[in-house]
Amino acid sequence: METLKHECGVAMIRLLQPLEYYHRKYGTWMYALNKLYLLMEKQHNRGQDGAGFACVKLSATPGEEYMFRERAAGTGAITEIFETVYSQYRDIAPERLADPAHAAASLPFAGELYMGHLRYSTTGRSGLAYIHPFLRRSNWRACNLALCGNFNLTNTDDIFAEIRTSGQHPRKYADTYFILEQVGHLLDTEADRLRRQFEVDEGRTGLEVTREVERHIDLSRIVQPAARTWDGGFVICGATGSGESFTIRDPWGIRTAFYYADDEIVVIASERPVIQTVMNVQAADVRELGRGEALFIRRDGTWRTEQLLEPRALSACSFERIYFSRGSDRDIYRERKQLGENLVAPILRKVDGDLEHTVFSFIPNTAEMAYFGMLEGLQKHLDRRMEQQLAEPAVLSDPEAVRRILAQRVRSEKVVLKDIKLRTFIAEGNTRNDLAAHVYDITYGSIEPYKDNLVVIDDSIVRGTTLRRSIISILDRLHPRRIIVVSSSPQIRYPDYYGIDMSSLGEFIAFRTAIDLLKTRGMAHVITDAYDRARRQQGTPDELRVNCVKAIYAPFTDEDISDHMARMLTGSDIHAEIGIVFQPLEGLHRACPHHPGDWYFSGDYPTPGGTRLVNRAFIQYMEQTYRHRS
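The numbering of the sequence shown is the UniProt record's numbering, which starts it at 1 and goes up by one.
Here it is as structure tokens:
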């Protein structure tokens, strides 16, 4: 499939014991630093544009740094940032480096609180300035703030206006900067309130006031009013210079967060199996942060979860289960296999039930688990068919017939191979396309030419570009009778606005197919009517808007779109008959019952901002693309 740049990854560690404890038990005071590296590396799939982490040292004395940060851009960023940190220890005498007391007093990044982030840009912005964690500095420890997150907000303009109204002057127009300034302003306000309370009401002075502020500051009073204004999918993590920290999940449960805690450590990450592997614990030991729930860790190491925002209708992202999250998760593994098994019936219809002359394979690599499920489902079907055949009295008296029946099998082969990433550095279109066509390779001799059908399963079909330019064309070299491309996800019809960098609306192959079908069938008025409705909704309150793009798909069945898509993707040089099978929406819900967020497929956005943005995208498509092509 086409690579989707998707949501980021977060990792947070809070040590609950002194560094000396970990030196005695695990042989190094770098226990948390090493664990953070593993947490981030195990989530490398979630961010390859850059990485960064921050560290808070609780025991620093005035005049010494207590908040450290390291960031880097590029696919090798995780290795780079940790090499940079470890390189600062190379010239230290081994006995001094091994001393936890010396580390706590003198060494950078020798702290108790760590917060890491893996970045995938969903906005097109790049460079070190956009890599988390972001820092907001102050001479008051309690007012220093480090922030990172896995999120996209749909109401950035509203938050910007709120910040401007408070008198601030943001230096960048970016949602993470806005959240940093919004939360930072509330942090300053709360610290000032406490400072006045202890100075005026209780008559305290100087350092005593500072200590009382750090002891009494409550991040829930700061995070809650800010988070109530956020529309979108988010997991936001923050830490103050005085050692307070928080993680909050959006009230729709769109983005994911998991945590583990014992008497030594609290660990937070975007994915459950990452914590299981790094901490060597069972799935039952790792808890999921609930919708609108926040986890707060105090400076003294006490922690709690709190229902900070009222939970909304569950809209946990189904694409996490299909593609983004690591397949090593116990539940995701089962769900992806079920997605594959769901497709057995429509596949059999496409090949006329002819298993004898059909070879099954998959597009590397994330579709492999759905492939296993598909094979299991096919084997169940074949077993039932063999039972029926063997139940015939005439068959049992014919040993040769019994032998032929028992010899039946589901034919599976490693037909498709993915080569190393080819760099398409030549700009000319035809040559560039030829290079792109060789990203995949095939196993020659894996099917019988001109007789066998070839069924390949992928996790999704987004733009159709890779399918048309690379997969179908190279599979056709094997000369199958039919090529059936199977998607374990439903048709991707709508963009995401909650942290996944999908295509623009006009690039989706499902959308382009529906538009072409409307034109072909003389129904172009449906397109202009939807455009007029979208324009009339501009200025309407978000909660009253409806998704006008649904009208584009309404006249057609899923099969109508799949069949027409197959024709659109069949080039003039393709000899095989092409068919496409998609996961039905109800099949997705059966496989992933606890993750009903399906707006990519259904257009049912969980937040009002999502509906506003999809209508805006449709208006832009009509005004910038459709009219020029019509």
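Built from N, CA and C at the ideal position, the CB exists for glycine as well.
Everything numeric in this text was worked out from a predicted model, so none of it was measured.
- Remark: C-beta atoms of I442 and L406 do not approach each other more closely than 8 Å.
- Counting along the chain, the unbroken beta strand (DSSP E) around F258 starts and ends at 258-261.
- The C-alpha of A104 lies about 59 Å from the C-alpha of I472.
- T305: member of the beta strand (DSSP E) spanning 303-307, first to last residue.
- Counting C-beta pairs with one atom in each stretch, the segment 571-587 and the segment 280-290 have fewer than three that are closer than 8 Å, which means they do not touch.
- A straight-line Cα-Cα distance of about 23 Å links S361 and E320.
- According to the DSSP assignment, G184 belongs to no beta strand (DSSP E) but to the alpha helix (DSSP H) extending over 175-196.
- Counting along the chain, A11 sits inside the beta strand (DSSP E) bounded by residues 9-15.
- Where T277 is concerned, the enclosing alpha helix (DSSP H) starts and stops at 272-279.
- In the DSSP annotation of this structure, the continuous segment of the beta strand (DSSP E) that includes Y114 starts and ends at 113-119.
- Within the DSSP secondary-structure output, A51 pairs in a beta bridge with A72, L118.
- In the DSSP assignment, K350 falls within the unbroken alpha helix (DSSP H) covering 344-350.
- Per the C-alpha coordinates, the member of G50, H525, S318, N342 positioned closest to D604 is S318.
- Residue pairing by DSSP places T466 opposite no residue, since no beta bridge is assigned to it.
- Within the model, the alpha-carbon separation for S138 versus I457 is close to 54 Å.
- In the displayed model, M523 falls within coil according to three-state DSSP, outside both helix and strand.
- In the structure shown, the three-state DSSP call for G232 is strand.
- Residue environment for M565: buried (at least 16 other C-beta atoms within 10 angstroms of its C-beta).
- Only residues of its own chain outside the window of five on either side were considered, and among them S315, Y494, D496, Y605, P606, G610 have a CB closer than 8 Å to the CB of W599, listed in chain order.
- Taken through DSSP and simplified to helix, strand or coil, C143 comes out as helix.
- Counting the other Cβ atoms within 10 Å of the Cβ of V485 gives 16 or more, which makes it buried.
- Between R411 and T465, the C-beta spacing is not below 8 Å.
- Rounded to whole angstroms, the gap between the alpha carbons of G253 and Q388 is 47 Å.
- Here N365 is exposed, its C-beta having fewer than 16 other C-beta atoms within 10 Å.
- Taking C-beta atoms as the reference points, I236 and I275 fail to come closer than 8 Å.
- Under the three-state reduction of DSSP output, R326 falls in the coil class, being neither helix nor strand.
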